[in-house]
Structures are given as structure tokens and as C-alpha cells.
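Accompanying notes for the structure given below.
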Amino acid sequence: MGGGSNQTSSAIGIMLRLTALLVVNAIGIWLFYHTFFDGLYPLAAVFAIILLFVNVVFLKDGLYPLRWLALGLSVMLLMSIFPIVYTIYIAFTNFGTGHILTRPQAIEQLESTLFLPEGGPSYSFTAFVSDDGEYALWLRLEDTADILAIPNQPLVAPLPGEMGVGPLDEDGIPTTIEGYRRLQRGQLLARINDLTRIQFGEEPDIIRVRSIDAAAPMQQRYVYDAERDVMLDRSTGIEYTPQRGTFTGPDGERLRPGYQVLVGTDNFTRFFTSPAIRGPLVRVIIWNFAFAFLSVFTTFFLGLFVALLVNDLPMNKVLRSFLIIPYTIPSLITILVWKGMLNPQLGVISRGLIDVFGSAPQWFTDPNWAKIGILLINLWLGYPYFFLVCSGALQAIPNDIYSAAEVDGAGNWQQFWRLTLPLLLIAVGPLLVASFAFNFNNFNVIFLFNAGGPPIAGAATPVGHTDILVTYVYQLAFAGGRGADYGLASAITIIIFIIVATITLFQFRYTQMWEETSENV
10 MGGGSNQTSS AIGIMLRLTA LLVVNAIGIW LFYHTFFDGL YPLAAVFAII LLFVNVVFLK
70 DGLYPLRWLA LGLSVMLLMS IFPIVYTIYI AFTNFGTGHI LTRPQAIEQL ESTLFLPEGG
130 PSYSFTAFVS DDGEYALWLR LEDTADILAI PNQPLVAPLP GEMGVGPLDE DGIPTTIEGY
190 RRLQRGQLLA RINDLTRIQF GEEPDIIRVR SIDAAAPMQQ RYVYDAERDV MLDRSTGIEY
250 TPQRGTFTGP DGERLRPGYQ VLVGTDNFTR FFTSPAIRGP LVRVIIWNFA FAFLSVFTTF
310 FLGLFVALLV NDLPMNKVLR SFLIIPYTIP SLITILVWKG MLNPQLGVIS RGLIDVFGSA
370 PQWFTDPNWA KIGILLINLW LGYPYFFLVC SGALQAIPND IYSAAEVDGA GNWQQFWRLT
430 LPLLLIAVGP LLVASFAFNF NNFNVIFLFN AGGPPIAGAA TPVGHTDILV TYVYQLAFAG
490 GRGADYGLAS AITIIIFIIV ATITLFQFRY TQMWEETSEN V
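In the working numbering, the protein residues as written are 10 to 530.
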């Protein structure tokens, strides 16, 4: 009896598992199909890998423990690992403005381009619409019979009473057409975008609405020859061949849009050799290192100073609570508040300086003062963190060593440099490295304060005096105003990662921070 019950439960469990797997496979295959045939091959590959992984895990009994991790691992692959791999992939492509689409999408868009053949007629038209939203056009041209044009039907020239055409008004236009109602000009204006996308008639006699006043027998301008891999311009007879993601004519003319292709290491080469990028790049990199170093240096020593100052004061717990307030407020709000306080017209800091000294620094237009303003804001944001860290680390230093130092005649300054600081660095050293890496890519404080400004005069790329590499990448990829260049931005992102990883490895490896955690205590 019990054996039969267990078998029944096992059978039900297997059926539920297979049913759930069937649903997952159906969704996965649908996603794979659409991404693959839309040319999104990297994303399609990820869906295929996830689908294969889920099926293997749930069909193989030996992998039972992984079933509990399957969802998490799949999400991690899709949301974390894939963006990293895809960024690396994009760095080796020409992905950007003019090359956003895949090759099939670009060909489809080019083939949708229409042109009016030389000498082709231009009709005036009156539009009609049915209750089902279907449209019809009544076309007129001097010295020719009027034409009724309906999508996917031959063009005809009916007389009143034929094909449902009602009586004509004084302008010779039907007042009604059976199944349709006439659109007035105001109604036509509201529907003109829909009308321009519709083909009236059938091949080869196709009529397209060109404007609110005209329709014409438009023809497909570009035709792709798959066998020869060329794009033919029927209006000129010129053939365009694919070159680096763009159909290019014999004279170098390029058709837009282009499409994504692999370009090898070209983006990395451009980063190091292009005069337009190399010009401001040196100063961006120098300021990037200076910003990261000065941010760590100032926040650490201010946090340490405040920790030492508060450590021996009465009611130090209350004081600590007040001092960490900047750390509890979101940086987004804090940066915008500081931006307002430094405003040269209305800011309380700028107005106060003007009242006292007669002038105030140009925080947003002078390159040097803009950098000082950013460091000042970052100091306010960062010192509470090191204040908390140093406060905790100071409690761990035994008082006996200070007593011994006093016996040996060491003063307060010598005790700080010889005992407190070295022992403190052992505990907070890894955090200093992490803070340097964070500030090296500190996008928020730069972008929210002044978006990297003021601009560098004469720069061929969108870059400002306070831009660091990560904000420079953002300007290139999204906010340049001259077109996005995702391939170059991805290449710079990889370079930034290599720089930060190298610095971090060097600091950990050659300062031996991890190995010294138990020494000299």
C-alpha cells in the first residue's frame, strides 16, 4: 500500500517537473527564435545556454542539488555575466550611430525606401476610411480619369454608381463610397502618419501618400541582390558594395543606415592613436588619477583627524551620530544640494563669499575651481566613511604601546607617525585601495555637479576639464550630441577595468597588506 502511494507521488512529481520544464522550454525557444532571427546572436546564444543548462539539470538525477540554484544561476548569467561579455564583444565592433541595426534589419530598412521615378505623376487625393479602419484614396490628375486606390487591390477608374461610388460633388469627388466615409481636412491631418505607411494598389502599380496634398506612384529605390551581395539604387543604377558595415558606392558614398560588423582592435587603436581622442585624453587620465588619489587622501585624513579628535571628548557617541549624517543621506541628494549652494547667483556659499570678500570662485566655469569644488563635495561625502572605519580601528590598538612609547620619550607627534598611523594602515589599507578604485570610476559626483564641464575649447570630441575616463566614456557613448559610439566606449571601459585591476593588484601585491594584518600588534 505504502509502495503504491510512493510510486504515485513520484509519478506526480515527475509529471509536474516535465510540465514545468515544457513551459520553460516553450518560453526559451520563443525567446531564442526571435532574438536569433532578429540578428541578436549574442543574446540568442545566452538563451540557448540557459535553456540547455536548465534541461540538463532537471532531467539528470545526479544534478539534483543544482535544481535549487538553477534560477539564480540563470539570472546571474543573463543579468551579470552576459553584460560583461557583451561589452567585450561590442568593443570589437562598429556599434554606434549609423551602425545600430543588424545586417538583415539594415537591408530591410533600405529596401523600404521609396522614390518617385522621373516624370512620374503626382496626384491630389481625397481620403476615405471604413468603420474597420481601412483606407481608400480618390486620386485626381488633370486630363486623366479619376482613380480609386484601395490597398492590395488593382487601381480602377469607376464612374458614379460603380463599385459603390456615390454621387460627385461640385469638385468631382464622390460624396460617399460604399463602406467608407470621407475624411475632412482636419481628420486627415490626424491620420496622415498612418496614410503615409500604407501601399495603395498592388504591384507594380503602387500609390503612396507623400504629403497631405499629394500622392504618387512611388517605387522601391534600393534592391538587395543576395547572390552578388550588392545593393542596387534603382533611381541612379549605382551598385553599393558592403564595406565595414556600410553599403558603399564607387565614389565612396555611403548608404544609411549601416549595420554592425566586427572591426577587430580598431576601437582600441583609435583610443591610443586618434588625434581627436588623444588630444584631451592625456589631461583626462592625469586628472582621473589626481582626483582618485586626492579624494582618498583628503577623506582618509579628515576622517582620521575627526576620529582622533572625537575619541577623547565627552559625549563622543552623540558626536559620532551627528558626524555620520552625510553618510546616511543619498549622494544624489547631497551632490545636488552642494551644486545649489555653490551656484554663483543664488548659492549660499557663493553669496556668503561675495558678502565677505567681494567675489566668489567660478565653480562652474573656471577649470581649476571646478576641480576644487568636486574635491570639496567628495570630501563631504567620503570623510564619514573613514571616520567610522578609523574610529573602530583606533579602539583595537592597545594602550600599552603608547605607555611604552611615553617611557621611551616619544611625543604625541612621534606616537602618531610611528605607532598610530602604521598600525591603522594595516587595518584600513585594503579599504584605501577599494576607495581608490571606487573614486577612479566615481561617475555620480562628476556628472551631477557639472557633467564634466567646463568644456575643453577646441576639442574634437565631447570632453570637459573635470571629465574622468568613465564620464568621458559616457559622453562618447550617449551624450556627445555628435552621435553615439558604443564600440569605442566599450573599448575604453575595458581599458579602465585593466587600469583599475592593475593598480589594485599592484597595491595588494607589493604593499603586502593582506600578509601584514597580524604583524606589529
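For every residue, glycine included, the Cβ atom is placed at its ideal position computed from N, Cα and C.
I need the straight-line Cα distance from I38 to L31, nearest angstrom please. 10 Å
Taking A136 as part of the beta strand (DSSP E), name the residues at either end of that continuous run. S133 to S139
Return the Cβ separation of F280 and A500 in integer angstroms, given the expectation that the two are a contact with Cβ distance under 8 Å. 6 Å
Can you check DSSP and say which residues form a bridge with R191? F137
Checking the sheet assignment: what are the DSSP bridge partners for D234? V239
Beta-carbon gap between A316 and S444 smaller than 8 Å: no
Can you name the residues that DSSP bridges to L146? A136 and A158
Spell out the partners DSSP gives L110 in its beta bridges. Y268
According to the neighbour-count rule (16 or more other Cβ atoms, all chains shown, within 10 Å of its Cβ), is M240 buried or exposed? buried
Nearest residue (CA-CA) to E120, options D260, F256 and L430: F256
Which complete beta strand (DSSP E) runs does the region 455-488 hold, if anything under 3 residues is left out? none
Taking DSSP as the reference, what is the three-state secondary structure of F104? coil
Just to confirm, are Q252 and T102 a CB contact at a threshold of 8 Å? no
Distance between R263 and N276 (C-alpha atoms, nearest Å): 20 Å
Sheet register partners of E211 (DSSP bridge): D214
Would you mind reading off the limits of the alpha helix (DSSP H) that contains Y336? I334 to T337
With DSSP collapsed to three states, give me the class of E248. strand
C-alpha gap between D476 and A54, whole angstroms: 36 Å
Thinking just about the alpha-carbon of each residue, which of P393, L87 and L60 is nearest to the one in L8? It is not possible to answer for residue 8, since the shown part of the chain is limited to 10 through 530.
Going by DSSP, what residues sit across from T257 in a beta bridge? T250 and R263
Given a threshold of 16 other Cβ atoms within 10 Å of its Cβ, counted over all protein chains shown, does D494 qualify as buried or as exposed? buried
Along the chain, which unbroken stretches of the alpha helix (DSSP H) at least 4 residues long are found entirely within the region 64-103? 79-85 and 91-100
Beta bridge counterpart(s) of V174 as assigned by DSSP: I186
Determine the extent of the alpha helix (DSSP H) in which R287 is found, giving its start and end residues. P284 to N320
What residue range is occupied by the uninterrupted alpha helix (DSSP H) comprising F448? At residue 448 the sequence reads Asn, which differs from the Phe that was named. N448 -> alpha helix (DSSP H) spans L430 to F449.
Does the Cβ-Cβ distance between A379 and G467 come in under 8 Å? no
Under a Cβ-count criterion, where at least 16 other Cβ atoms within 10 Å of its own Cβ denotes burial, should W296 be classed as buried or exposed? buried
With 16 other Cβ atoms within 10 Å as the buried cut-off, status of L78: exposed
Alpha carbon to alpha carbon, what distance is there between P407 and N529? Per-residue confidence for N529 stands at a pLDDT of 43, beneath the threshold of 50, marking its modelled position as unreliable; no derived number is given.
Cβ-based neighbour list, N459, same chain, cut-off 7 Å, excluding 5 preceding and 5 following: F373, A379 and T475
Supposed contact pair R243 and Q228 - C-beta distance, whole angstroms, cut 8 Å: 7 Å
Counting C-beta neighbours from all protein chains within 10 Å, is the total for F134 16 or more, i.e. buried, or is it exposed? buried
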